[in-house]
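First comes the structure, then the notes that go with it.
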């Protein structure tokens, strides 16, 4: 039986980081929504991904699923979240849990006020599959692609 010494780290070492959304790039999701990746592989993440998505008044994103669970907390504003065909009104600090494979989407409940969410994926290899098209892409690859097209 193989034993690790107690002082051996179980993850690759990255220094701690403080991430400030106002200082990080935002990538358009289309339709008035833009995403700011926070804790990613670049920051040293090996287990989970986090970020924020900002919605202009009236903005929403397409119905989609993920290959892992996701939790979303409303940071600002009011939203309508559709989870598996049921709509829920959610407001600041309300939090959702969506299992892998369950269709869902968020939209801003206000036509004029901004709305902001914090998302956490339970896998650094999270993917998003659009229900309408069946197209699947890595969540972090979208950020890389957007970074290339913005530069």
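In our numbering, the protein residues as written are 39 to 189. For every residue, glycine included, the Cβ atom is placed at its ideal position computed from N, Cα and C. Just so it is clear, the structure is predicted and the values come from calculations on it, not from any experiment.
Query: In DSSP terms, what residue 144 is bridged to; Result: 119
Query: Residues sharing a beta bridge with residue 71, DSSP; Result: 68 and 93
Query: 7 Å CB neighbourhood of residue 138 in its chain, flanking five on each side removed; Result: 104, 105, 106 and 107
Query: Buried versus exposed call for residue 60 [16 or more other C-beta atoms within 10 Å across all chains shown]; Result: exposed
Query: Nearest-angstrom Cα separation, counted from residue 101 out to residue 176; Result: 16 Å
Query: Which listed residue (143, 156, 62 and 152) has its alpha carbon closest to that of residue 121; Result: 143
Query: Distance CB(residue 114)-CB(residue 75) smaller than 8 Å; Result: no
Query: Where residue 170 falls: helix, strand or coil (DSSP); Result: coil
Query: Counted within 10 angstroms of its Cβ, other Cβ atoms place residue 147 as buried (16 or more) or exposed; Result: buried
Query: beta-carbon residue 158 near the ligand GDP non-hydrogen atom, thresh 7 Å; Result: In the structure on display, the ligand GDP does not appear, and there are no ligands present to speak of.
Query: Cross-strand partners of residue 79 (DSSP beta bridge); Result: Its beta-bridge partners do not exist; DSSP assigns none.
Query: Residues of its chain near residue 53, where Cβ-Cβ distance is below 8 Å and the 5 sequence neighbours each way are ignored; Result: 82
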